[in-house]
Structure formats: structure tokens, C-alpha cells
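Trainee:
Structure (C-alpha cells):
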């Protein structure tokens, strides 16, 4: 029932935002549509090899729609990603628009062309999100089991990982990149039908001891993620989308405290992006759209500064 709680929660927050003019003018227009920040993280997984240093940029929850996230804004975000000069770029799903409030569709070929400018030496990789599966470019448009989203990403030279893994190398050091199918999705005749993710099958594709990065749209899977995975990257929550203490407390309960930021549990690392777009209502407050920049390296030896 988590997706229902999330929908009801965001609709409640959205209603409050609309009712308060001063709050609404900022949260409804300025923060979601104009602000953009880069959030850096430095991660040192316990078993990460000392010779491998990796810089990644993460884009999550674009939710393309006009006027809140038009193709021109998607392109500008992609260009900022390039300016950060990452080794690799990850996209964490939910490319389709997430609401219909004063909104027009941005079609997959439009946002896909905007994302085609993304460049990185090790490539650009994506997983799909629940909105990509469950409806078309907007929630009131029929879905196609994410076929249009997949086609747009492939046309943009972005590799889609659905319960798949690829072995990559940087500076002679190998690592694995894995991506899960969406955990809430299902065929269009079976909405929220238990998900299409296959964590055991995905991990079975990893055939040596090189480190592993896992991409997954929703963070729910983290509690099942084995220590074999060095870093899990997720989106979906939008960091709560409205970052007020009472709101965040309710949201944390709904998501078992897997809401935002860098979370470490039992030496396992998770980063949850606050995302770029909005769902259910076009509102953000104190949780601006963000690009995530992740530097991954081994911890310094004891005594080193």
C-alpha cells in the first residue's frame, strides 16, 4: 500500500500548498520550475579497490511535462551534467510526467532528444520507474508497458538495464553496473502487480569479485540488498518533495526512513536522490530539483588525512 500512502500524502500536501498563497507561489512555481542544485556525495564502500576512483552524475525522476519540465529544461539539465565531467551517468527512472495539473505532455521523442546530449567516457545508463510503466507521457494517457520510454532512451544512445548487469572498466579496474526492473510496475492489465524486478536473477549475472553498483528506481529493495553490492542508487521519493519537519516525519514512516540522502546500514551504502520533477502535484518546498554527483573511492588508510 506504500504507493497509495504516497499519493494521498502528496495530494494532501499539494492541497495545503494551493490554499496558502505565499507558500504556493514559491513552492508551486519557483522551486520546482526554476531552481536546480548539484548535491555532491563522497562514498567509500568497505571493499572498494584503492586503484578505482569513479565519478558519477545521477539524474532521477525527470517527469517531463510542460511547463514544469519541458524538453528545453531537460536539455539544460543534461548540459549541466556534462559540465560536471563525470566518468559515467545514471538515470533512475520516471521520465514520464507525474501529474496533469495545468500540464501538457512532453512526448518521449522530445525529452529523449534532449537527453541525447548526455556524454560520459563510460556511457549513460538508465533504469525505468513506475510512472514509465503505468501510464503514457501523462497519467491520463494510456500506457504501453514502458515501450515508448525504452525506445526514446535507446534512440538517445542510453542503455536501459532491466534486471541486467554490465561489466565496465576504468583505468584498468573492473566494476559491475547492475539495474533492476521496477518494483511497483507490471503489465498494463496488472497495475501494481508485484513488480518486474528480479534481484536474485540480476545478481546471478555478476560473475567475479569486482565491485558492484546497483541502480533501482525505488529504494524499498535496499533492505534486501546483500553486502556484495557496494552502492545502491535510487530515486522515486523526490526526497519527500516538501521538506517540512511534520511532513518529513510522516513521509519517513511511510517509507521506512528510506527517503533522502546517503544512508549507511550494516556497511551497505544507499543514496536516494531528491529528483528533478514532481508527481501528483507540481509542488516542491525546501527540496529543490537536484543533480546528484557521486565520487566513489576506497577509504584512506588509517592515519592518512
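Numbering (my numbering), first residue to last: 3 to 307. Yeah, the Cβ is synthetic: ideal placement off N, Cα and C, and Gly gets one too.
Look at the alpha carbon of residue 205 and the alpha carbon of residue 131, and state the distance between them as a whole number of angstroms.
Mentor: Taking the straight line joining both Cα atoms gives about 20 Å.
Trainee: Cβ of residue 139 within 8 Å of Cβ of residue 176?
Mentor: No, the Cβ-Cβ distance between residue 139 and residue 176 is not below 8 Å.
Trainee: What did DSSP end up calling residue 117 once you bin it into helix, strand or coil?
Mentor: helix
Trainee: So, under 8 Å CB-CB, residue 215 and residue 235 are touching, yes? Tell me the CB distance rounded to an integer number of Å.
Mentor: 7 Å
Trainee: If contacts are defined as beta-carbon pairs under 8 Å, then residue 238 and residue 100 qualify, I think. What distance do you get, rounded to the angstrom?
Mentor: Actually they are not in contact, since the Cβ atoms of residue 238 and residue 100 sit about 11 Å apart, beyond 8 Å.
Trainee: Count the other CB atoms within 10 Å of the CB of residue 104; is the residue buried (16 or more) or exposed (fewer)?
Mentor: exposed
Trainee: Can you confirm whether the segment 215-228 touches the segment 69-82 when touching is taken to mean that 3 or more C-beta pairs between the two stretches lie within less than 8 Å?
Mentor: Cβ pair count under 8 Å is below three, so no.
Trainee: Let me check understanding here. Comparing Cα to Cα, which of 267, 81, 148 lies closest to residue 119?
Mentor: 81
Trainee: Give me, in chain order, the residues of the same chain whose beta-carbon lies closer than 7 Å to that of residue 49; leave out the 5 immediate sequence neighbours on both sides.
Mentor: 213, 232
Trainee: Pop quiz: residue 108 and residue 134 are said to be a contact at Cβ under 8 Å. What is the actual Cβ separation, rounded to whole angstroms?
Mentor: No, residue 108 and residue 134 are not in contact; Cβ-Cβ is about 13 Å, not under 8 Å.
Trainee: Extract the residue ranges of the alpha helix (DSSP H) inside the segment 195-267, only unbroken runs of 4 or more that lie entirely within it.
Mentor: 201-206, 247-256
Trainee: Would you check if the distance between the CB atom of residue 300 and the CB atom of residue 173 is smaller than 8 Å?
Mentor: no
Trainee: Can you tell me the Cα-Cα spacing of residue 259 and residue 250, whole angstroms?
Mentor: 9 Å
Trainee: Buried or exposed for residue 266, please, with buried defined as at least 16 other CB atoms from any protein chain shown within 10 angstroms of its CB.
Mentor: exposed
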